[in-house]
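Structure, as structure tokens:
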């Protein structure tokens, strides 16, 4: 046995140098949390208005300073991420200990309970407004529905609080579905007006149904929760100390807030959360990549209503009395301000926004004039210098896998074309897509007239024509954005079956294997490059709500596979996209935006890829590189239909070219054929120029390019 063991010595040295670093990092995190905790306690204990106003402004200034200085914020955030367990332990201890500092003044414990209720409500509204982009100005109605349902069941039927809480939240959720189903086709101001009307309707109903709701007098004597025979409304005796009854509700609300934050966070960083954000950014693009927008928006509305109703049930029990005055329109505005103030779409920003907008007005309640001045100044300050909130929605960063993404291997192994076996279909078999006598009119304008076309597996079909000839309309018909007035569009599957896709919604067609890019780039700009590609996979992923909430093994594995495949797709474009995968899509160059659109379309595993002017706006070098990428995709078995105005690019890229003019098909064939077609030349350059051309054999591409 050797006297000196090098491995053990190295291990001891690592421990010697690592242990102090761990202790220092942990101490830094705990010290930062302790400092914040003490500052909060001191702020709540301030009573002199001469110190209170500057204290409020200093607190807002510190938050603004922290949010603006990237280096300081990054260092602190890095420490918290490195010592995440220590940070969470410190936070939990601080929250558990908070009410113990106010045993002689239960007022602030009660305010903390209300803050927790508003946090739950604000998180629900953040799903609706901050993530899905649906402006709901009647959200307080669900708070009222939960409160009145729970109050009626507990006072009239004698049901226990825990059952009333669940039923109240479910009833509010059902009302959210009833409201959302007919109205979610509306957007913006129209949706806001409908939700305002719904909120006022609920308030007027509870105000006038005296026999059921007590009318303006409300419902009193609402029983407090009980657990194992212990009533939450009674003081708690613990080790010779008397703890006020409010502390019971504090710990109940604290537990519910923790649970809601945990579940909402899982939803945000899931397939469902990406779908909500995609709808907020560009609903039309989301539909074209398999997102069933109506169902996904309805789910957001229902979840928001559930959380609003849940908060309302606890509010009724805490107060033991409710009336219509507690559910006025102004309360909806306050909850919306919490979401905007904290940062729409940012989980912790919304939590902080709710706490500030509950505590600050209460702290200034004794100084009515000062309260309005400071509160107004704070809001103006935020709108001028931080319009996206204290903590705007941040991109979720993924670590680049240790797997090598060298381009040849990625291209060889990528699963981008799950239907690529169609490329091996024989030429005399069925086409991939068949368009028969399709027409489309917009009022008196004929966009397409009696167009018939067959697209064969594995080919590149070019579509050209003058401006207004119907090229993009044809793409919109194939992808389901428009329905044909006449004719039909049929998609043939590899197994020989066919699907009549004319009349299907865009998300249904996307799931059948047709993906597209757009004439004007339509990306989800406030999502990362990687998340844009993951949205393209939405129709191919199978994780459901239950699996996301429970984080089942299948859901976790599917998400890991999706991220790995998305990275492979980005690697197809050499080093153009993969190094930028954690950056916002809006930061990319124009050429890379076009590449990202193609990568997102490939993520849908398309059997047919529609490229609408992919080289528009690129310089010659970028265009040639993109065309090389398109040829490579064709070699991998992707069937491509491409619209392009630059005829020089169409000389050797497509196998066939379809020429449209004024919505009619005027020619079809190889470029060498259509470049000498007098009808095509006339469509581009006019009748007089076409008749002045030299004989057919002496014409070349330069005559019409």
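Residue numbers (UniProt numbering): 1 to 705.
All C-beta atoms, glycine included, are put in the ideal place defined by N, C-alpha and C.
| Query | Result |
| --- | --- |
| Whole-angstrom distance between residue 558 and residue 250, CA atom to CA atom | 39 Å |
| Cβ neighbours of residue 253 in the same chain (closer than 7 Å, five flanking residues each side left out) | 113, 116, 117 and 314 |
| Expected contact under 8 Å - CB spacing of residue 535 and residue 286 to nearest Å | 7 Å |
| Chain D contact for residue 546 (CB, 7 Å cutoff) | The question asks about chain D, but that chain is absent: this structure has only one protein chain. |
| Three-state secondary structure (DSSP) of residue 442 | strand |
| Where residue 218 falls: helix, strand or coil (DSSP) | coil |
| Supposed close pair residue 593, residue 521 - CB separation, criterion 8 Å | 5 Å |
| For residue 201, the first and last residue of its enclosing alpha helix (DSSP H) | 188-208 |
| N-terminal and C-terminal residue of the alpha helix (DSSP H) that residue 639 is part of | Careful: residue 639 lies outside any alpha helix (DSSP H), inside the beta strand (DSSP E) at 639-643. |
| Contiguous alpha helix (DSSP H) assignments of at least 4 residues, all confined to the segment 546-582 | 553-571 |
| Assumed close pair residue 151, residue 202 - CB separation to whole angstroms, cut-off 8 Å | That pair is no contact at about 14 Å. |
| Cβ neighbours of residue 479 in the same chain (closer than 7 Å, five flanking residues each side left out) | 288, 506, 509, 514, 516 and 610 |
| Cα-Cα separation, residue 76 to residue 39 | 18 Å |
| Cβ neighbour criterion (16 or more within 10 Å) applied to residue 402 | The predicted position of residue 402 is uncertain, since its pLDDT is 44 and thus under 50; a value taken from the coordinates is nonetheless stated next. When all chains shown are included, residue 402 counts as exposed. |
| Pick from 125, 656 and 232 that is closest to residue 332, judged by C-alpha positions | 125 |
| Limits of the beta strand (DSSP E) - the one that residue 487 falls within | 486-492 |
| According to DSSP, residues forming a beta bridge with residue 435 | 453 and 489 |
| Neighbourhood of residue 441 by C-beta, 7 Å cutoff - its chain only, sequence neighbours within 5 removed | 447 and 485 |
| Segment contact flag, the segment 301-319 with the segment 165-172, C-beta cutoff 8 Å, min 3 pairs | yes |
| Residue 272 beta carbon less than 7 Å from that of residue 548 | yes |
| Residue 325 - DSSP class collapsed to helix/strand/coil | helix |
| Candidates 618, 525, 95 and 135: closest to residue 337 by CA position | 135 |
| Endpoints, the beta strand (DSSP E) within which residue 531 is located | From DSSP, residue 531 is part of no beta strand (DSSP E) but of the alpha helix (DSSP H) over 529-536. |
| Paired residues, beta bridge with residue 230 - DSSP | 227 |
| DSSP-derived helix/strand/coil call for residue 509 | helix |
| Opposing strand residues paired with residue 448 [DSSP bridges] | 440 |
| Best match in 639, 24 and 296 for proximity to residue 539 [C-alpha to C-alpha] | 296 |
| Reduced DSSP category for residue 10 - H, G, I as helix; E, B as strand; rest coil | With a pLDDT of 44 at residue 10, under the threshold of 50, the predicted position of this residue should be treated as unreliable, and no value is reported. |
| Buried or exposed (CB count within 10 angstroms, at least 16 for buried), residue 575 | exposed |
| Sequence-distant residues of its chain with Cβ nearer than 6 Å to residue 242 (five each side left out) | 235 |
| Cβ shell of residue 772 (< 7 Å), same chain only, five flanking positions each side left out | Residue numbering for the chain in the displayed model covers 1 to 705; residue 772 lies beyond these limits and cannot be assessed. |
| Local Cβ density within 10 Å of residue 697, reported as buried at 16 or more and exposed below that | For residue 697, the pLDDT reaches just 48, beneath the cut-off of 50, and the residue's location in the model is therefore unreliable, leaving the point undetermined. |
| Closest residue to residue 187 among 133, 631, 147 and 158 (Cα-Cα distance) | 133 |
| Nearest neighbour of residue 270, chosen from 537, 88 and 657 [CA to CA] | 537 |
| Distance between residue 290 and residue 353 (C-alpha atoms, nearest Å) | 34 Å |
| Proximity of residue 335 and residue 98 at Cβ, strictly below 7 Å | no |
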